[in-house]
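S.K.:
There are 2 protein chains.
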Amino acid sequence: MFRPAARATIAAVCLVAAWSVLSTAARPQVPDMLPSWHDGPSKRAIVAFVGRVTRAGGPDFVPVPERIAVFDNDGTLWSEQPIYVQVAFAFDRVKTLAPQHPDWRDRQPFKGVIEGDMKAVAATGEKGLLEIIAVTHAGSTTEEFATIVTGWIASARHPSSNRPYTDMVYQPMLELLACLRANGFKTFIVSGGGVEFMRPWAERVYGVPPEQVVGSRAKVRYEVRNGVPVLARLAETDLVDDKAGKPVGIHQAIGRRPIAAFGNSDGDFEMLEWTTSAPGPRFGLIVHHTDAARESAYDRGAHVGQLARGLDEAPARGWVVVDMKQEWKVIHPFERR
Amino acid sequence: MFRPAARATIAAVCLVAAWSVLSTAARPQVPDMLPSWHDGPSKRAIVAFVGRVTRAGGPDFVPVPERIAVFDNDGTLWSEQPIYVQVAFAFDRVKTLAPQHPDWRDRQPFKGVIEGDMKAVAATGEKGLLEIIAVTHAGSTTEEFATIVTGWIASARHPSSNRPYTDMVYQPMLELLACLRANGFKTFIVSGGGVEFMRPWAERVYGVPPEQVVGSRAKVRYEVRNGVPVLARLAETDLVDDKAGKPVGIHQAIGRRPIAAFGNSDGDFEMLEWTTSAPGPRFGLIVHHTDAARESAYDRGAHVGQLARGLDEAPARGWVVVDMKQEWKVIHPFERR
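For the record, the sequence lines run as chains A and B.
Counting from 1, position 195 in the first sequence corresponds to residue 195 in my numbering; the numbering is continuous, with no gaps.
Counting from 1, position 130 in the second sequence corresponds to residue 130 in my numbering; the numbering is continuous, with no gaps.
1. So is A:Thr237 in contact with chain B if we call contact Cβ pairs under 8 Å?
2. My output table needs one value for B:Tyr165: the three-state DSSP class, helix, strand or coil.
3. If the cut-off is 8 Å on Cβ atoms, which residues from the segment 276-297 of chain A count as contacting chain B, listed in chain order?
4. Counting only the same chain and skipping the five closest in sequence on each side, list residues whose C-beta sits under 6 Å from that of A:Ala261.
5. I'd like the list of long-range same chain contacts for A:Gly184, defined as Cβ closer than 6 Å, with 5 residues on each side in sequence excluded.
6. Where does the unbroken beta strand (DSSP E) through A:Asp39 begin, and where does it stop?
7. B:His251: which of A:Gly310, A:Pro200 and A:Gly207 sits nearest, CA to CA?
8. Would you kindly report the start and end of the unbroken alpha helix (DSSP H) that includes A:Lys119?
9. Could you check how far apart the C-beta atoms of A:Phe91 and A:Val113 are, in whole angstroms? I think they sit under 8 Å.
10. With 16 other CB atoms within 10 Å as the buried threshold, where does A:Ser155 fall?
11. Quick check: does the Cβ of B:Val50 come within less than 7 Å of any heavy atom belonging to the ligand GDP?
12. Less than 8 Å between the beta carbons of A:Lys361 and A:His38, yes or no?
13. Checking the sheet assignment: what are the DSSP bridge partners for A:Val228?
14. So, helix, strand or coil for B:Thr187, using DSSP?
15. What residues of chain A sit near B:Ile254, judged by a beta carbon separation below 8 Å?
16. Secondary structure at B:Val208, three-state DSSP: helix, strand or coil?
17. Using a Cβ-Cβ cut-off of less than 9 Å, list which residues of the segment 187-201 of chain B approach chain A; keep chain order.
18. Measuring CA to CA, which of B:Gly139, B:Val87 and B:Thr141 is closest to B:Val121?
19. Pull up the distance between the alpha-carbon of A:Glu223 and that of B:Gly245, whole angstroms please.
20. Looking at the structure shown, is A:Pro28 part of a helix, part of a strand, or coil, going by DSSP?
21. Starting from A:Val64, trace the beta strand (DSSP E) in both directions and tell me its first and last residue.
22. So which residues of chain A does B:His251 contact, with C-beta pairs closer than 8 Å?
23. Below 8 Å on the Cβ atoms is my contact criterion, and I expect A:Met324 with A:Asp299 to pass it. Report the Cβ-Cβ distance as a whole number of Å.
24. Buried or exposed: B:Val21, going by 16 or more other Cβ atoms within 10 Å of its Cβ?
25. Taking DSSP's pairing of strands, which residues face B:Val338 in a bridge?
26. Is B:Val64 close to chain A, meaning its C-beta is less than 8 Å from at least one C-beta of that chain?
27. List the residues of chain A that B:Asp273 touches, going by C-beta distances under 7 Å, in chain order.
28. Does any CB atom of chain B fall closer than 8 Å to the CB of A:Glu270?
29. Check whether chain A comes within 8 Å of B:Val87, counting only Cβ atoms and requiring the distance to be less than that.
30. Take A:Ser265 as the anchor and find which of A:Arg317, A:Thr76 and A:Ala182 has the nearest alpha-carbon.
31. Is there at least one Cβ from chain A nearer than 8 Å to B:Pro315's Cβ?
32. So, at 7 Å on beta carbons, what are the nonlocal neighbours of B:Ala5 in its own chain, with the 5 sequence-adjacent residues on each side left out?
33. By the three-class DSSP mapping on this structure, what secondary structure does B:Lys111 have?
34. Using a Cβ-Cβ distance cut-off of 8 Å, determine whether A:Ala48 contacts chain B.
35. Just to confirm before moving on: does the CB-CB distance between A:Glu320 and A:Ala45 stay below 8 Å?
36. Hey, would you say B:Thr142 sits closer than 8 Å to B:Glu196, going by beta carbons?
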């Protein structure tokens, strides 16, 4: 790590290159940990925040154990359009399980899923979707379910890119995760998605271990079956880790208030609010999907990932809003290859 | 860290001194991370296990991220006699809150607590105790509750030693926690006690940060009160992290199966069973309270911390049973001073 002798107060922050614009000499040896971010207001705000909380002896220094950062997943770390990845998983599970459920051929929303008639599925509304989630997510043990997810995520393809869903992550956010960890942050995922759907691959894809993944969850029950202990997944919700459920999930799993939160939709509003409403240095960031050409453009009217209140209140709350189109040089890692 | 050149397979384990008994030369520079353990079967089993899982290239090597160790708290990391510390806390809260509840003066179990009549309290049974826990643990925000716990734990005294409860921890177990962490383990507390009762002091006392403390918990609700977000503690149980609830708590909070579990009572049975029932190297340990002179002697008939099934099944399951009287040189840290 580069340490300019004349500016000892500059800590090891994500963008030491941003510092170099203040300097006269080019410093090619300086690593920029956020190379996919344009030198715009969001990158500057990130770098300034990380600099403040890591500057030993500074007024905003935060000890390493308190450097907790929480990230939403869908729409913040990977694409959530055209549908949530977990919904695509559930639809594929319906097709896989259909032979065991002949009645599904004549029953919505299953009929629609099997026939690819998304209008018929949509017509069943949230109730239909919850029914699909229930039948595709329950009935297995936790270890069986992890195996199912692992197999699916390795083979399924995103409908528009025809790439694995784990390719549809955001390169700038991967850099941000790594940058924060390099600066002593512990990074957590706090998602409305299912915790057991994310844990099998989050460590490989995001570098976030299972014990730092928080999400919605089903109830599980400990059972000993023929001498073998299992955790059986039940068709009953234990936590909806969305909206006001996110601070609850954070409290249950982390037990201290984060100092930085990253989201993209109004489902993240309370998480951002909870994170940024305490004394000391705080950071809130919203990824605004503004890039119809390279990804998607949506906010207020979106059926997935609606963002209205967050946009309205971000300025007064001091939250950073990332203009994806203007501020991200690349969206997905494969664009760089 | 000492690395004997001639025995490169010996990893940095807790008791390199145990290794030295195999050697002919005395090696005073070798650190023993478990100095309060006699060189008995339990210490040898711990050292052997840590050696196996940390030996790079060995058949039982476990990568660092998978080195998850879970510890019960009451009776495993600190004394649970004559009553659970959290019950002592609840009794003190009743006394503190009594002026606001004049009806308690004539109503059991509160009357008994206020007057120090433990027989009257005991006569109300589990129902009475739950009523005491409910009224003393609900009604505050999570941050208010943490402040109450922090104040109490700093001032309250254990009835027999007249020392702070946090002095009543077990020195050999503190050493074990540190030893495991020095060998790449992530150490978690998984306790039937309340998670919000432990988190305010577990980092200072055990070196276990809040996000690695799992326990029983009340439901909380996110609210914005006059513009200030809070998490309100409700009088409703969300998880009883005891017995079959321990694997559930482990799954919710950690999301992968531990490879080592440490307990002392039948409340830990399922946690030990879950931990040790998977392939690969596994370690289960039960602290057996056998020392009436220095601490307490109890097992099958105990009203707190009953241990029967664990004793019966430990040999067949390969669990280590620590004979506290024979194997621990000291019980509490203050004995060394």
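For each residue, glycine too, the CB sits at the ideal point set by N, CA and C.
Given the structure is predicted, the values throughout are model-derived calculations rather than measurements.
M.R.: This is what the structure holds:
1. Walking along the first sequence from the start, residue 237 of chain A turns up at place 237. It does not; no Cβ of chain B falls within 8 Å.
2. For the purposes of this step, residue 165 of chain B is taken as the residue at position 165 of the second sequence. The answer is helix: DSSP assigns B:Tyr165 an H, G or I state.
3. From the segment 276-297 of chain A, only Ser277 have a Cβ closer than 8 Å to chain B.
4. Translated into the one-based positions of the first sequence, residue 261 of chain A becomes position 261. Excluding sequence neighbours, A:Ala261 sits near Val70, Met271, Leu272, Thr275 and Gly284.
5. As a position in the first sequence, residue 184 of chain A is number 184, starting the count at 1. If you ignore the 5 residues before and after A:Gly184, its C-beta comes within less than 6 Å of the C-beta of Val64 and Arg67, all in its own chain and listed in chain order.
6. What you label residue 39 of chain A is simply residue 39 of the first sequence in a count that begins at 1. Note, A:Asp39: premise wrong, no beta strand (DSSP E); not H, not E.
7. Walking along the second sequence from the start, residue 251 of chain B turns up at place 251. For the residues A:Gly310, A:Pro200 and A:Gly207, the minimum Cα distance to B:His251 belongs to A:Pro200.
8. In the first sequence, residue 119 of chain A corresponds to position 119, counting from 1. Element bounds for A:Lys119: Met118 to Ala123.
9. Taking the first residue of the first sequence as 1, we reach residue 91 of chain A at position 91. Taking the first residue of the first sequence as 1, we reach residue 113 of chain A at position 113. Sure, about 5 Å apart at Cβ, within 8 Å.
10. For this step, residue 155 of chain A is matched to residue 155 along the first sequence. Looking at its Cβ environment, which holds fewer than 16 other Cβ atoms inside 10 Å, A:Ser155 is exposed.
11. As far as ligands go, the structure on display features none, and thus does not contain the ligand GDP.
12. Chain A is shown only over 1 to 337; residue 361 of chain A falls outside these bounds and no answer can be derived.
13. Counting from 1 along the first sequence, the entry for residue 228 of chain A is found at position 228. When DSSP reads this structure, A:Val228 sits in a beta bridge with A:Arg225.
14. Position 187 of the second sequence, counted from the start, is the residue given in the question as residue 187 of chain B. Three-state DSSP puts B:Thr187 in a strand.
15. Residue 254 of chain B sits at position 254 when you count from the first residue of the second sequence. The contacting residues are Pro210 and Glu211.
16. Start at 1 with the first residue of the second sequence, and residue 208 of chain B comes out as number 208. Taken through DSSP and simplified to helix, strand or coil, B:Val208 comes out as coil.
17. Of all residues in the segment 187-201 of chain B, the ones placed with a Cβ closer than 9 Å to any Cβ belonging to chain A are Phe188, Val195, Glu196 and Arg199, in chain order.
18. Here the question's residue 121 of chain B lines up with position 121 in the second sequence. Closest option to B:Val121, Cα to Cα, is B:Val87.
19. Within the first sequence, numbered from 1, the residue matching residue 223 of chain A stands at position 223. Within the second sequence, numbered from 1, the residue matching residue 245 of chain B stands at position 245. Approximately 11 Å, taken between the alpha carbons.
20. Taking the first residue of the first sequence as position 1, residue 28 of chain A is located at position 28. Its pLDDT being 42, under 50, A:Pro28 is placed unreliably by the model, and the measurement read from it follows with that caveat. Reduced to three states, the DSSP call for A:Pro28 is coil.
21. As a working mapping, residue 64 of chain A is identified with position 64 in the first sequence. Premise fails: A:Val64 is in no beta strand (DSSP E) and is neither H nor E.
22. Indexing the second sequence from 1 puts residue 251 of chain B at position 251. Within chain A, the residues near B:His251 are Thr142, Val220 and Leu231.
23. Here residue 324 of chain A refers to the residue found at position 324 when the first sequence is read from its first residue. Here residue 299 of chain A refers to the residue found at position 299 when the first sequence is read from its first residue. That belief does not hold up - the Cβ atoms of A:Met324 and A:Asp299 are roughly 11 Å apart, past 8 Å.
24. Indexing the second sequence from 1 puts residue 21 of chain B at position 21. Note that B:Val21 scores a pLDDT of 43, beneath 50, so its modelled location is shaky; the value from the coordinates is reported in the next line. So B:Val21 counts as exposed.
25. Coverage of chain B is limited to positions 1 through 337, which leaves residue 338 of chain B absent and any answer about it impossible.
26. Here residue 64 of chain B is taken as the residue at index 64 of the second sequence, counted from 1. It does not; no Cβ of chain A falls within 8 Å.
27. As a first step, residue 273 of chain B must be located in the second sequence, where it is residue number 273. According to the sequence as given, residue 273 of chain B is Glu; it is not Asp. Pro229, listed in chain order.
28. Numbered from its first residue, the first sequence carries residue 270 of chain A at position 270. Judged by the 8 Å Cβ criterion, A:Glu270 is in contact with chain B.
29. Within the second sequence, residue 87 of chain B is the residue found at index 87, counting from 1. By this cut-off, B:Val87 is not an interface position.
30. One-based indexing of the first sequence puts residue 265 of chain A at position 265. Of A:Arg317, A:Thr76 and A:Ala182, the residue nearest in Cα terms is A:Thr76.
31. By 1-based counting over the second sequence, the position of residue 315 of chain B is 315. No - not a single Cβ of chain A is within 8 Å of the one on B:Pro315.
32. Taking the first residue of the second sequence as 1, we reach residue 5 of chain B at position 5. Here B:Ala5 scores only 36 on pLDDT, less than 50, and its place in the model is too uncertain to base an answer on.
33. Counted from its first residue, the second sequence places residue 111 of chain B at position 111. B:Lys111: helix per DSSP, three-state reduction.
34. Counted from its first residue, the first sequence places residue 48 of chain A at position 48. No - not a single Cβ of chain B is within 8 Å of the one on A:Ala48.
35. In the first sequence, counting from the first residue as 1, residue 320 of chain A sits at position 320. In the first sequence, counting from the first residue as 1, residue 45 of chain A sits at position 45. Per the sequence shown, residue 320 of chain A should be read as Val rather than Glu. For A:Val320 and A:Ala45, yes; Cβs fall inside 8 Å.
36. Here residue 142 of chain B refers to the residue found at position 142 when the second sequence is read from its first residue. Here residue 196 of chain B refers to the residue found at position 196 when the second sequence is read from its first residue. Cβ atoms of B:Thr142 and B:Glu196: closer than 8 Å.
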